[in-house]
Structure formats: C-alpha cells, structure tokens
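Residue numbers (this note's numbering): 33 to 247.
All C-beta atoms, glycine included, are put in the ideal place defined by N, C-alpha and C.
Being a predicted model, the structure only gives us computed values, none of them experimental.
First the structure, in the form of structure tokens, and then the observations on it.
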Ligand code: Z5A
Ligand code: MG
C-alpha cells in the first residue's frame, strides 16, 4: 500500500501598478486560501531580508547608487536565491502567494531603457506562476491614493513608462494565458472578490498540470 502524495501547491503572482493595493490584497488572499483549506505562504519581492535584499533596499531608498545592469541582476538574484524554497513548498502542497515577481523585475528595468530581452533573460528557468493577477489602476485613481513615497521609482515619469511596459509584457506569448487583469479601482472588498475570481482559474489549472518554469 502506497501513501498518496498531497496535491501540489499553487503558485500565484500578484502584480500591478504602484499603490494598486497588491500587498493589501495579498494579505486578504492568504487568509481566504487558508479558510478554504490551503496551506499558504506569502513571499514578497524584493525580499529585503536577505543579504542581496539589503543591497536592494539601500538602492531603493537612494542610500546607494548602483549601475542599472547591476541592480537588475541583483533583483533577479534575489528571486533565484528563493526559487528553491518556492519549488520545495509547492511540491509539499504549500500554496505560495508572490507579492510582485519577475514581471516587475523586467518592467522597471526596461522602463529605464534596458533592452526587454536582456531584462527577461536572467528570469528564464524560475518557477512559473499558475496564474498572475494584474492589478490595474487608472492614473486618476492612483493620484487619489495619496502622494508618492520617498523611493527611487516613485516619480510620475517612471510610473507612466512602467504602465506602458506592463501592457507590452501582458502581450508576451511566452506567458500567454497566465494573466488575469483586475480593475483595482474599487473598495478593498470588491477588489478582493475580483482577485478571487482570477485565482480560482489558477487553482483549476494547477489541478491538472505540473509546475512550469519561465521559458
Ligand atoms: N522592483 C524592481 O525594480 N524590480 C524587481 O524585480 C521588483 C521590484 C520585484 C519596491 O517594491 C520597488 O521595487 C517598486 C518596484 C521595484 N518600485 N516602485 N515604485 P515594493 O513592492 O516594495 O513597493 P511597495 O512600497 O510595497 O509599494 P506598492 O507595492 O506599489 O504598493 P501596493 O502593495 O500595491 O499597495 P498597498 O501597500 O496595498 O496599498 C497602497 C495604499 O493604498 C495604502 O495606503 C492602502 O491602504 C491603500 N489602498 C489599498 N487598497 C485600496 C483600495 N481598494 N482603495 C483605496 N485605497 C486602497
Ligand atoms: Mg506592496
């Protein structure tokens, strides 16, 4: 008699524009998944708690200037140093919710003028989400959510280019079918329902498919 392995966990990425409410929705999603019986772990990117994460934090808070290519590779290295634990959790039946992922990595660097394919290259081989929830917020709504913070990319010109780059990236054939776009310009509870609708697609997909890798 052989014991049946538990079903694998689901890999869910929450992406989107600044102040769209990604972290707010990640917290609600973790709770809701737990209530429906999933084991869940939240993984935020950048993960500022590692040695590489400390360098990234210093860059984002403008304490340190780092060359564009170098910081790009550090953001990617920060995902690679955590990739193994993500795969291990998924295999063990733990669902992992990603608060930002490689899509932010590509988009923010490409928005600075680095080549899109160059930016995407280091991400190839990372665990590929079963579903990506894209939290969209129109410029007017974003402005209503209070002033920009103090961090490096929190300036209107960068934000505008990031919005364009995300739109382009959602059309990338290599991730076709992964994206679900949610209008984040509503009350927190209303947005949470929309997020759940997209996540259910990922749950369904993960039932019948192995965890893939970014190609
Ligand atoms: N970056 C990169 O360059 N390369 C990479 O590889 C990665 C990231 C992974 C820091 O990221 C920067 O790193 C980021 C991208 C770059 N640059 N920028 N700009 P971060 O994830 O640490 O950034 P953050 O500081 O957490 O901000 P955020 O993620 O943009 O915010 P959010 O998580 O989307 O929103 P929130 O914290 O949930 O909510 C924002 C505010 O809105 C807050 O006051 C909420 O109470 C409010 N809120 C939330 N939901 C609502 C609704 N529905 N209505 C009204 N108000 C709301
Ligand atoms: Mg956040």
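Pair within 7 Å by beta-carbon distance, residue i and residue j
| i | j | result |
| --- | --- | --- |
| residue 80 | residue 121 | no |
| residue 21 | residue 88 | Look at the range of the chain in this structure, 33 to 247, and you will see that residue 21 is not part of it. |
| residue 38 | residue 108 | no |
| residue 135 | residue 197 | no |
| residue 110 | residue 85 | yes |
| residue 234 | residue 42 | yes |
Residues near residue i in its chain [Cβ-Cβ closer than 6 Å; skip 5 each side]
| i | result |
| --- | --- |
| residue 45 | 130, 133, 161, 164 |
Whole-number beta carbon distance between residue j and residue i, since they are thought to touch under 8 Å
| i | j | result |
| --- | --- | --- |
| residue 173 | residue 217 | 4 Å |
| residue 113 | residue 82 | 6 Å |
| residue 138 | residue 148 | 7 Å |
| residue 214 | residue 49 | Going by Cβ atoms, the distance from residue 214 to residue 49 rounds to 11 Å, so no, they are not a contact pair. |
Close beta carbons around residue i, own chain, < 8 Å, minus the five adjacent residues each side
| i | result |
| --- | --- |
| residue 92 | 78, 183, 184, 185 |
| residue 61 | 44, 46, 129, 224, 227, 228, 231 |
Of the listed residues the options, nearest to residue i (C-alpha basis)
| i | options | result |
| --- | --- | --- |
| residue 127 | 187, 50, 51, 159 | 159 |
| residue 118 | 108, 109, 75 | 75 |
| residue 101 | 194, 125, 144, 115 | 144 |
| residue 199 | 169, 219, 225, 125 | 169 |
| residue 238 | 52, 146, 123, 206 | 123 |
According to DSSP, residues forming a beta bridge with residue i
| i | result |
| --- | --- |
| residue 211 | 164 |
| residue 127 | 72 |
7 Å CB neighbourhood of residue i in its chain, flanking five on each side removed
| i | result |
| --- | --- |
| residue 94 | 184 |
| residue 210 | 161, 163, 164 |
| residue 125 | 38, 39, 40, 41, 71 |
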